[in-house]
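Below is one structure, written out as structure tokens; comments come after it.
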Amino acid sequence: MIRVEGLRKSFGDVRAVAGVDLEVERGEILVLLGQNGAGKSTTLRCLGGILRPDGGLIELDGLRLPESLDSVRARLGVVPDQARIYGRNTAPEYLDHFGYLYGVPEPIRRRRIATLLERFELADRKNTVLAAYSRGMAQKVALIRATLHDPDWIFCDEPTAGLDPVAAADMRRYLDEQKLRGAALIVTTHVLSEAELMADRIAIMRSGVVVTHGALDELRQQAGRGRRFIAHLARGVPDPEPVSSWLGEHALDHSIDGDRLHYTLPWQSGAWTSPPGAARRPPHKVGR
Numbered sequence: 001m002i003r004v005e006g007l008r009k010s011f012g013d014v015r016a017v018a019g020v021d022l023e024v025e026r027g028e029i030l031v032l033l034g035q036n037g038a039g040k041s042t043t044l045r046c047l048g049g050i051l052r053p054d055g056g057l058i059e060l061d062g063l064r065l066p067e068s069l070d071s072v073r074a075r076l077g078v079v080p081d082q083a084r085i086y087g088r089n090t091a092p093e094y095l096d097h098f099g100y101l102y103g104v105p106e107p108i109r110r111r112r113i114a115t116l117l118e119r120f121e122l123a124d125r126k127n128t129v130l131a132a133y134s135r136g137m138a139q140k141v142a143l144i145r146a147t148l149h150d151p152d153w154i155f156c157d158e159p160t161a162g163l164d165p166v167a168a169a170d171m172r173r174y175l176d177e178q179k180l181r182g183a184a185l186i187v188t189t190h191v192l193s194e195a196e197l198m199a200d201r202i203a204i205m206r207s208g209v210v211v212t213h214g215a216l217d218e219l220r221q222q223a224g225r226g227r228r229f230i231a232h233l234a235r236g237v238p239d240p241e242p243v244s245s246w247l248g249e250h251a252l253d254h255s256i257d258g259d260r261l262h263y264t265l266p267w268q269s270g271a272w273t274s275p276p277g278a279a280r281r282p283p284h285k286v287g288r
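Residue numbers for the sequence shown, in the working numbering: 1 to 288.
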């Protein structure tokens, strides 16, 4: 388990993290969600031993930082917000170097490197220097590097930022595989939709503090709202009565404004409630 209590970090007069408490179990992904400047990256850097906090407790499976930093680093994988890789190396050279530093035996690390390059569709670029890789390709290499030694804890700072949808989906699948392997993961993002796709639990950060946390459905229930939709009907609403009647029965609130429908549907066990036999996904969903 990752346990954080009262974590604090300031830079001069700027208070970046102001008393963060977190717990993450093995086999779980916690997403830190918040705008840029909320304190997500600083929190992650403190947990990874990159920054020394001003105060608070950081404990990973009973190992406390900074006292047990060397032991923690041997079992930790970190993916920074921007991949920092050695441009003159090829991917196998770069990964072999870090596998050696992590203490992975040569036969095992070479086999893992080959398997993971194939897994991320980079095998055909194995002889290309990393300086020629796209951002998405470099981010994949950084993720392979961080997980080459099967770490117990994985910290990823905005891992899908700037990636195309296919690459982002592949990144999420791989993180889920690490969760199923039994690792504890903390991932940061400023995008709600990314948090929805990745998280077992979400901690929302603002101004250096966690303002609320829980499973996605729990957070929605705490907010007292369901999911908000705006539907645009190209031909308007020829007969608003049946639409208004259905929404009046099933929506938390609704309004019809010309050719636009505004409505909020309640959540129930992670799904939109709907009348028996009705489609669970409401028609004309265009946003939230």
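Cβ coordinates follow ideal geometry from the N, Cα and C atoms, glycine included.
Any contact of the segment 1 to 13 with the segment 51 to 69, i.e. 3+ C-beta pairs under 8 Å? yes
Between Gly-99, Arg-119, Ser-255, which has its C-alpha nearest Arg-110's C-alpha? Gly-99
Does the structure place the segment 127 to 145 close enough to the segment 165 to 173 that three or more beta carbon pairs sit under 8 Å? yes
Give every residue of the same chain whose Cβ lies closer than 7 Å to the Cβ of Ala-16, excluding the five residues on either side of it in the sequence, and list them in chain order. Lys-9, Ser-10, Gly-39, Thr-42, Gly-208
Smallest Cα separation from Ala-251: which of Leu-117, Thr-264, Val-24? Thr-264
Quick check on Thr-189: buried or exposed, where buried means 16 or more other Cβ atoms within 10 Å of its Cβ? With 16 or more other Cβ atoms from the protein chains shown falling within 10 Å of its own Cβ, Thr-189 counts as buried.
Range of the contiguous alpha helix (DSSP H) that encloses Val-166: First-last of the alpha helix (DSSP H) with Val-166: 165 to 181.
For Thr-160 versus Leu-116, is the C-beta distance shorter than 9 Å? no
Below 7 Å CB to CB, which residues in the same chain sit around Arg-157 once its five sequence neighbours on both sides are set aside? Here residue 157 turns out to be Asp, not Arg, going by the sequence shown. Leaving aside the five residues that flank Asp-157 on each side, the residues in its chain whose CB is nearer than 7 Å to its CB run, in chain order, Ser-41, Leu-44, Val-79, Pro-80, Asp-81, Thr-188.
If you draw a straight line from the C-alpha of Thr-128 to the C-alpha of Val-141, how long is it? 13 Å
In three-state terms, what does DSSP make of Lys-126? coil
With C-beta atoms as the reference, is Gly-27 less than 9 Å away from Lys-179? yes
Three-state secondary structure (DSSP) of Ala-114: helix
From Ala-195 to Val-211, what does the alpha carbon distance come to, in whole angstroms? Between the C-alpha atoms of Ala-195 and Val-211 there is a straight-line separation of about 16 Å.
Just the Cα atoms here: how many angstroms apart are Arg-206 and Leu-60? 24 Å
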